[in-house]
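Student: Have a look at the structure that comes next, please.
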Amino acid sequence: MLFIGFALVIAIGLALLVSADAGSMVGLTQNQLGQLLPLVVILIFIAGGLFSRRYKFSELFGNLVLWAGIFGVVLVGYTYRDDLTLVASRVFGELMPGIAVVDGERGSATFRGGRDGHFQINATINGSDIRTIFDTGASAVVLTHDDAQKAGYATETLRYDISVSTANGTGKAAAVTLDQVEVGGIVRNNVRAFIAEQGALEQSLLGMTFLGTLSRYAVSGNALELVD
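Just remember that my numbering sits 143 ahead of the position in the sequence shown, which is counted from 1.
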């Protein structure tokens, strides 16, 4: 009975905090507190199991401290979830250079350079995941023969009548218009591109027909920033 009364007091108190015009509490808005309330209720029910069985006072006190710690960690994690997400993105960006560290407020995506000095960029082209290389020397987005097939093109029907210079020398390419290119949350539609003939290109290039539409792109040290 003591626990039931205690739980009711907590639930009613939180409800009053959420409904009152008191601004925010412990860094949470009323809306965020309302979202957190179900979690609090679940923790209360779990904690209720501690009171439904007979424990020594020292053991009961230890369990209460444990659950208070768990609740504190959850509360702090929820409060700083945006910062923690950004930190996690930066860690993944260091470990996996092709993954973008996205800053939604600035509309930017940052990539880390690889050991070879190139910036590998994971792009989504026509709905397919394609790994590209950042290349300001490429006048357009250029897809390898195999990546073009992943993006939905019937490569055997294309006309390879445009001369292009690649790392393998001079080759032929076909002009196409990509339905959509998405890089780190930055989306562009109807992007002009080339598809290299078989064997002419080792890896797809993220060239100027995409980069030229950005408000800014810059390389600083080992970091590449693209800004929508």
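A virtual CB, placed ideally from N, CA and C, is assigned to each residue, including glycine. None of the values given here were measured: they were computed from a predicted structure.
#1: Looking at C-alpha atoms only, which residue of Asn365, His288 and Thr320 is the closest neighbour of Gly342?
#2: How is Gly314 classed by DSSP in three states: helix, strand or coil?
#3: In the DSSP assignment, the alpha helix (DSSP H) including Leu301 goes from what residue to what residue?
#4: Here's a check: name, in chain order, each residue in its chain whose Cβ is nearer than 7 Å to the Cβ of Gly350, leaving out the five neighbours to either side.
#5: Using the beta-carbon count (16 or more within 10 Å), is Arg249 buried or exposed?
#6: In chain order, what residues of the same chain lie with their CB nearer than 8 Å to the CB of Gly247, ignoring the 5 residues before and after it?
#7: So which of Gln263, Leu348 and Glu340 has the shortest CA-CA distance to Glu299?
#8: Which class does Asp246 belong to by DSSP, given the choice of helix, strand or coil?
#9: Taking the continuous beta strand (DSSP E) assigned at Thr372, which residues delimit it?
Tutor: So, from the data block:
#1: Mapped onto the sequence shown, residue 342 falls at position 199. Ranking the options by Cα distance to Gly342, first place goes to His288.
#2: The residue given as residue 314 occupies position 171 in the sequence shown. Here Gly314 sits in strand by DSSP.
#3: Here residue 301 corresponds to residue number 158 of the sequence shown, with the count starting at 1. First-last for Leu301: undefined, no H or E at that position.
#4: On the sequence shown, residue 350 is found 207 positions in, with the first residue counted as 1. Excluding sequence neighbours, Gly350 sits near Asp278, Ala281, Ser282, Ala283, Val284 and Val285.
#5: One-based indexing of the sequence shown puts residue 249 at position 106. The residue in question, Arg249, is exposed, as its Cβ has fewer than 16 Cβ neighbours within 10 Å.
#6: As a first step, residue 247 must be located in the sequence shown, where it is residue number 104. Around Gly247: Gly328.
#7: Counted from its first residue, the sequence shown places residue 299 at position 156. Residue Glu340 is the option with its Cα nearest to Glu299.
#8: Counting from one through the sequence shown, the residue named residue 246 turns up at place 103. Strand.
#9: Only positions 144 to 371 of the chain appear in the structure, and residue 372 is not among them; the question remains open.
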